[in-house]
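Protein chains: 2
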Amino acid sequence: MLRLSRKTLLALEAVIDIAFNARPEPVQAREITARQGVPQRYLEQVMQQLVRAGILKGVRGPRGGYRLAKERRRISVGDIVRAAELAEDENTEDVLPKSELGARIVTPFIQTLQEEVMTRLEAITVEDLCQKARAAGVSVDDHIASDFTI
Amino acid sequence: MLRLSRKTLLALEAVIDIAFNARPEPVQAREITARQGVPQRYLEQVMQQLVRAGILKGVRGPRGGYRLAKERRRISVGDIVRAAELAEDENTEDVLPKSELGARIVTPFIQTLQEEVMTRLEAITVEDLCQKARAAGVSVDDHIASDFTI
DNA sequence: TAGGTATTCCGGGAAACAACCGGGGTTTGT
DNA sequence: ACAAACCCCGGTTGTTTCCCGGAATACCTA
Numbered sequence: 003m004l005r006l007s008r009k010t011l012l013a014l015e016a017v018i019d020i021a022f023n024a025r026p027e028p029v030q031a032r033e034i035t036a037r038q039g040v041p042q043r044y045l046e047q048v049m050q051q052l053v054r055a056g057i058l059k060g061v062r063g064p065r066g067g068y069r070l071a072k073e074r075r076r077i078s079v080g081d082i083v084r085a086a087e088l089a090e091d092e093n094t095e096d097v098l099p100k101s102e103l104g105a106r107i108v109t110p111f112i113q114t115l116q117e118e119v120m121t122r123l124e125a126i127t128v129e130d131l132c133q134k135a136r137a138a139g140v141s142v143d144d145h146i147a148s149d150f151t152i
Numbered sequence: 003m004l005r006l007s008r009k010t011l012l013a014l015e016a017v018i019d020i021a022f023n024a025r026p027e028p029v030q031a032r033e034i035t036a037r038q039g040v041p042q043r044y045l046e047q048v049m050q051q052l053v054r055a056g057i058l059k060g061v062r063g064p065r066g067g068y069r070l071a072k073e074r075r076r077i078s079v080g081d082i083v084r085a086a087e088l089a090e091d092e093n094t095e096d097v098l099p100k101s102e103l104g105a106r107i108v109t110p111f112i113q114t115l116q117e118e119v120m121t122r123l124e125a126i127t128v129e130d131l132c133q134k135a136r137a138a139g140v141s142v143d144d145h146i147a148s149d150f151t152i
């Protein structure tokens, strides 16, 4: 199957959470953890990967938090997935198969498939998902209201 | 990224290896390990998953080995991937996100993507990959000749 | 027909690796 | 001074990979 790590899911939810929230003030990590129910320390770690990838922008100090670094329509799902996955496995030494069959057929086949999926993910932006959320009836009011249920 | 486990790659290569080899006698695990350079014990484990999934058929005793359980065009890549992946993770307890945004938007989005990829994989058969191998110039003679380099 | 051998089958479990999580401290802005 | 993002690093848990010892089964020879 296509396995995405929990970290990637987290990153996706966090970015959309911030994008969906239209407040002028930045969104604090604490709010997101309250909504998603994940340990705050772990989420901050993921957030910083997103900051380093140029997707989020951190604002320090009191009343600080995170904000999108670009417009919603300029951030693709592929960007987020890459930022989350590509963080620690820098080795990327693809176990090259010895057999001709493996090297010439199944490896290229898998690579092509991966590229196709990635292309598909690059075509979908955070903007698209936000519109979908609105269409699905997730109201901004409920969203913001839950900020105070900490 | 779309991460496939080594086990899945192995399963794919093994099945295609057997399918590409047109001999009447079954193919032994030992031959495949010699060609792919993988530990024999591990490969046998993968092979048995494929047997239980109804993709391969094991033939015991001397001159035994593995054979396709069905025609080449009736075995899809999706079948093989499912058989290899779905073996040990029977838990499948999808970590359901608490937030509305996660539950209503990103989870369905990911699921749809997974289903699309799976549908895509079901449409490609072992027969297709064998034809591709022949077109790519992987000769059957070389393939069989390597049987005796053990 | 009986026994020896080659091979698939089966379960358990060690070893390596990645994912997950937390601590302590530093920097930055209010 | 305080509140938050930042940074490094180590510990825990879980998954993947790999190995081992044996049992079952089929072929071969005598």
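Which chain is which? The protein sequence lines are F and H, in order. The C-terminal residue of the first sequence carries number 152 in my numbering, and the numbering is unbroken. The C-terminal residue of the second sequence carries number 152 in my numbering, and the numbering is unbroken. Heads up, the beta-carbon is just placed ideally off N, CA and C, and yes, glycines get one too.
Residues that DSSP places opposite residue i in a beta bridge
i      : result
H:G67  : H:V61
F:V128 : Paired residues: none, contrary to the question.
H:R5   : F:R5
Residue i classed as buried or exposed, judged by whether at least 16 other C-beta atoms fall within 10 angstroms
i      : result
H:G39  : exposed
F:E117 : exposed
H:A16  : buried
F:E73  : exposed
F:S7   : exposed
H:E27  : exposed
F:L103 : buried
H:R37  : buried
F:D91  : Bear in mind that the predicted position of F:D91 carries a pLDDT of just 49, short of 50, making it unreliable; the figure below should be weighed with that in mind. Classification for F:D91: exposed.
H:Q51  : buried
H:D144 : Note that H:D144 scores 44 on pLDDT, short of 50, meaning its location in the model is unreliable; the coordinates nonetheless yield the value given after this. With fewer than 16 Cβ atoms within 10 Å of its Cβ, H:D144 is classed as exposed.
F:L131 : buried
CB of residue i within 8 Å of CB of residue j, strictly
i      : j      : result
F:A21  : F:V140 : no
H:L45  : H:A31  : yes
F:S78  : F:L123 : yes
H:I107 : F:I112 : no
F:I126 : F:A85  : no
F:G80  : F:M120 : yes
H:V61  : H:R69  : yes
F:I82  : F:A13  : yes
H:R5   : F:R5   : yes
Residue range of the alpha helix (DSSP H) that includes residue i
i     : result
H:E33 : 31-38
F:V48 : 42-54
H:V79 : 79-87
H:R76 : Premise fails: H:R76 is in no alpha helix (DSSP H) and is neither H nor E.
H:E15 : 8-22
Residue i CB to nearest heavy atom of the ligand ADP below 7 Å
i     : result
F:V79 : Although the ligand ADP was asked about, the structure shown includes no ligands whatsoever.
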